[in-house]
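Participant:
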Amino acid sequence: MTASNKPSVSVVGVGIMGSAIATRLIEVGHAVTVFDLDAAKVAALVAKGATAAESAAAAARASRFVITSLNSAAILRAALFGPAGLAEGAAADKLLIDMSSVDPVATRSLAAELRDRTGMAMVDAPLSGGAPRALEGKLTVMAGGEEADVLRARAVMDSLCANYTHMGPSGAGQTTKLVNQVLCALGFQAVAEAVRLAEAGGVDASRVAAALAGGRADSRILQEFGPKMAARDFSPTGRIDNMLKDLEAVQAFAGGARLPLPLTGAVTDLHRLYVAAGIGAADTAEMMRYFDGFQEN
């Protein structure tokens, strides 16, 4: 598609991720409408060229495609079916692309209810890569839903993704996101411990990522977060409490399946500790404060 015929998109929920998604879509030529309960976040995107909607329903009416980027299944349900919710502006020729991280069972239920009540299809499209990759249009997205709907979503996803994979029916994208979060959470913790080990040994921890580049220990998490953690750079990319939410979902699934995940269990407990220490709303890199004794910075 050329910039002149890119489809209109509404984004409901413009926190760290939703704002990055909306910014990218604006920059590549989509007409973007945004809605969030935080007026300041909406205003920041209007300044970049977005149009503000007065409600989720109005956002749904404004565009062929609606992206949701919300923090929980309960919030998503309220955005869909609450007063002035998306369902009030839904239609069978529109498509909801949910880029939240939501429990797979809840996702399947919400998708079925939305289709039954409005005719509007939903694709679960959780992401990996965080705000930086969203701004570059290089997200990794794992999608669940009917094949035709997942294909239709490409009209928007191609502006956001470097890797977009249909994983199966509704909920399959969210199940794959749980797999992703296990790998990421263990990776973040491993990098934090490695940085602290380097520091304790008198090594310049900011050089570790470059020194290990291309070796077996290398990873995108090491390259992005190794220097960030070494510098105690806590600029926001992703919240600790959001990761805990996903890890709790993994633990619930594992419990139901009687599946032992010992490393995941340990990292989940560490995330509970971080939240209890008051840094749940902080960037993932702030887990370094565990090693610093949670002193004020």
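Quick note, the sequence shown lines up with residues 1159 to 1455 if you use the numbering used here. The C-beta atom is built at its ideal place from N, Cα and C for all residues, glycine as well.
Look up Thr1191 in the DSSP assignment and give the residues it is bridged to.
Facilitator: For the purposes of this step, residue 1191 is identified with residue 33 of the sequence shown, where counting begins at 1. Answer is Ser1168 and Thr1209, bridged to Thr1191.
Participant: What residue range does the beta strand (DSSP E) around Asp1256 cover?
Facilitator: As a first step, residue 1256 is located in the sequence shown; it is residue number 98 there, counting from the start. Unbroken beta strand (DSSP E) run through Asp1256: Leu1253 to Asp1256.
Participant: Could you tell me which residues DSSP pairs with Asp1301 in its beta bridges?
Facilitator: Here the question's residue 1301 lines up with position 143 in the sequence shown. Residue identity differs from the one stated: residue 1301 is Ala in this sequence, not Asp. Answer is His1324.
Participant: By alpha-carbon positions, which one of Ser1267, Ile1379, Ala1231 and Ala1283 ends up nearest to Pro1290?
Facilitator: On the sequence shown, residue 1290 is found 132 positions in, with the first residue counted as 1. It is Ile1379 whose Cα lies nearest to the Cα of Pro1290.
Participant: Where does Ala1311 fall in DSSP's three states?
Facilitator: Counting from 1 along the sequence shown, the entry for residue 1311 is found at position 153. DSSP places Ala1311 in coil when its eight states are reduced to three.
Participant: Give me, in chain order, the residues of the same chain whose beta-carbon lies closer than 6 Å to that of Ala1248; leave out the 5 immediate sequence neighbours on both sides.
Facilitator: Start at 1 with the first residue of the sequence shown, and residue 1248 comes out as number 90. Excluding residues within five positions, the ones whose Cβ falls inside 6 Å are Ala1218, Thr1276 and Met1278.
Participant: Considering Cα atoms alone, identify which of Ser1166, Val1186 and Leu1234 is closest to Asp1194.
Facilitator: As a position in the sequence shown, residue 1194 is number 36, starting the count at 1. The shortest Cα separation from Asp1194 among Ser1166, Val1186 and Leu1234 belongs to Leu1234.
Participant: Determine the extent of the alpha helix (DSSP H) in which Asp1461 is found, giving its start and end residues.
Facilitator: What the structure shows of the chain is the stretch from 1159 to 1455, and residue 1461 is not part of that stretch, so it cannot be assessed.
Participant: Residues in its own chain within less than 8 Å of Asn1455 by CB, not counting five upstream and five downstream?
Facilitator: Within the sequence shown, residue 1455 is the residue found at index 297, counting from 1. Unreliable positioning characterises Asn1455 in this predicted model, as indicated by a pLDDT of 49, which lies under 50. The coordinate reading is nonetheless provided below. If we look at Asn1455 and ignore the five residues flanking it on each side, its Cβ neighbours are Arg1390, Phe1392 and Arg1447.
Participant: Would you kindly report the start and end of the unbroken alpha helix (DSSP H) that includes Phe1223?
Facilitator: Numbered from its first residue, the sequence shown carries residue 1223 at position 65. Note, Phe1223: premise wrong, no alpha helix (DSSP H); beta strand (DSSP E) at Phe1223 to Thr1226.
Participant: Classify Ser1286 as helix, strand or coil using the three-state DSSP reduction.
Facilitator: As a position in the sequence shown, residue 1286 is number 128, starting the count at 1. In the structure shown, Ser1286 sits in a strand (DSSP, three-state: E or B).
Participant: Excluding the 5 residues preceding and the 5 following Met1159 in the sequence, name in chain order all residues of the same chain whose CB lies nearer than 6 Å to its CB.
Facilitator: One-based indexing of the sequence shown puts residue 1159 at position 1. Legend: pLDDT at Met1159 = 43, less than 50; position of this residue unreliable, value from coordinates given subsequently. Nothing listed; no residue qualifies.
Participant: Starting from the Cα of Cys1342, find the closest Cα among Val1172, Pro1241, Lys1164 and Leu1402 and give me that residue.
Facilitator: The sequence position of residue 1342 within the sequence shown is 184, counting from 1. If we check each option's Cα against that of Cys1342, Leu1402 comes out closest.
Participant: Could you give the residue range of the alpha helix (DSSP H) that holds Val1263?
Facilitator: Start at 1 with the first residue of the sequence shown, and residue 1263 comes out as number 105. Where Val1263 is concerned, the enclosing alpha helix (DSSP H) stretches over Pro1262 to Thr1276.
Participant: Exposed or buried, what is Leu1405 when buried is set at 16 or more other beta-carbons lying within 10 Å of its beta-carbon?
Facilitator: The residue you call residue 1405 lines up with position 247 of the sequence shown. The residue is buried, with at least 16 neighbouring Cβ atoms inside 10 Å.
Participant: What whole-angstrom Cβ distance do Ile1184 and Phe1223 have, given they're in contact under 8 Å?
Facilitator: Within the sequence shown, numbered from 1, the residue matching residue 1184 stands at position 26. Within the sequence shown, numbered from 1, the residue matching residue 1223 stands at position 65. Incorrect: roughly 14 Å between the Cβ atoms, too far for contact.
Participant: Per the DSSP calculation, Asp1376 is bridged to which residue(s)?
Facilitator: On the sequence shown, residue 1376 is found 218 positions in, with the first residue counted as 1. DSSP lists no partner for Asp1376.
Participant: By DSSP, does Asp1427 sit in helix, in strand, or in coil?
Facilitator: In the sequence shown, residue 1427 corresponds to position 269, counting from 1. DSSP places Asp1427 in helix when its eight states are reduced to three.
Participant: If we count the other Cβ atoms within 10 Å of its Cβ and call it buried at 16 or more, is Ala1358 buried or exposed?
Facilitator: Against the sequence shown, residue 1358 aligns to sequence position 200. The residue in question, Ala1358, is exposed, as its Cβ has fewer than 16 Cβ neighbours within 10 Å.
Participant: Excluding the 5 residues preceding and the 5 following Pro1262 in the sequence, name in chain order all residues of the same chain whose CB lies nearer than 7 Å to its CB.
Facilitator: Mapped onto the sequence shown, residue 1262 falls at position 104. Excluding positions up to five away in sequence, the list reads Gly1329, Gln1332 and Thr1333.
Participant: At what residues does the alpha helix (DSSP H) containing Glu1246 begin and finish?
Facilitator: Counted from its first residue, the sequence shown places residue 1246 at position 88. Counting along the chain, Glu1246 falls outside any alpha helix (DSSP H), and DSSP gives it neither H nor E.
Participant: I'd like to know whether the C-beta of Phe1449 is nearer than 8 Å to at least one C-beta of chain D.
Facilitator: No chain D is part of this structure, which consists of one protein chain only.
Participant: Does the separation of the CB atoms of Leu1441 and Pro1385 fall below 8 Å?
Facilitator: Here residue 1441 is taken as the residue at index 283 of the sequence shown, counted from 1. Here residue 1385 is taken as the residue at index 227 of the sequence shown, counted from 1. Note on residue identity: the sequence assigns Asp, not Leu, to residue 1441. Result no, Cβ atoms of Asp1441 and Pro1385 do not sit closer than 8 Å.
Participant: Got a sec? Which residues, its chain only, sit under 6 Å from Glu1444 by beta carbon, not counting five neighbours each side?
Facilitator: For this step, residue 1444 is matched to residue 286 along the sequence shown. Here the set comprises Phe1392 and Ile1437.
Participant: Can you look up Arg1397 in the DSSP assignment and give me helix, strand or coil?
Facilitator: In the sequence shown, residue 1397 corresponds to position 239, counting from 1. In this structure, Arg1397 counts as strand in the three-state DSSP scheme.
Participant: Helix, strand or coil for Ala1441, going by three-state DSSP, please let me know.
Facilitator: The count along the sequence shown starts at 1 and reaches residue 1441 at position 283. With the sequence shown as reference, residue 1441 is identified as Asp, and Ala is not the correct amino acid for it. Residue state, collapsed to three classes: strand.
Participant: Do the CB positions of Lys1199 and Ser1168 come within less than 8 Å of each other?
Facilitator: One-based indexing of the sequence shown puts residue 1199 at position 41. One-based indexing of the sequence shown puts residue 1168 at position 10. No. Outside cutoff.
Participant: Output the boundary residues of the alpha helix (DSSP H) element that contains Arg1416.
Facilitator: Taking the first residue of the sequence shown as 1, we reach residue 1416 at position 258. Neither: Arg1416 is in no alpha helix (DSSP H) and is coded neither H nor E.
Participant: Rounding to the nearest angstrom, what Cα-Cα distance links Ala1189 and Glu1246 in this structure?
Facilitator: Along the sequence shown, one-based indexing puts residue 1189 at 31. Along the sequence shown, one-based indexing puts residue 1246 at 88. The straight-line gap from Cα to Cα measures roughly 21 Å.
Participant: Just curious, the alpha helix (DSSP H) that Met1175 is in, first and last residue?
Facilitator: As a first step, residue 1175 is located in the sequence shown; it is residue number 17 there, counting from the start. From DSSP, the alpha helix (DSSP H) with Met1175 extends over Ile1174 to Glu1185.
Participant: In whole angstroms, what separates the C-alpha of Gly1369 from that of Gln1347?
Facilitator: As a working note, residue 1369 is residue 211 in the sequence shown. As a working note, residue 1347 is residue 189 in the sequence shown. Reading off the sequence, residue 1369 comes out as Ala, not Gly. Rounded to the nearest angstrom, the two C-alpha atoms are 19 Å apart.
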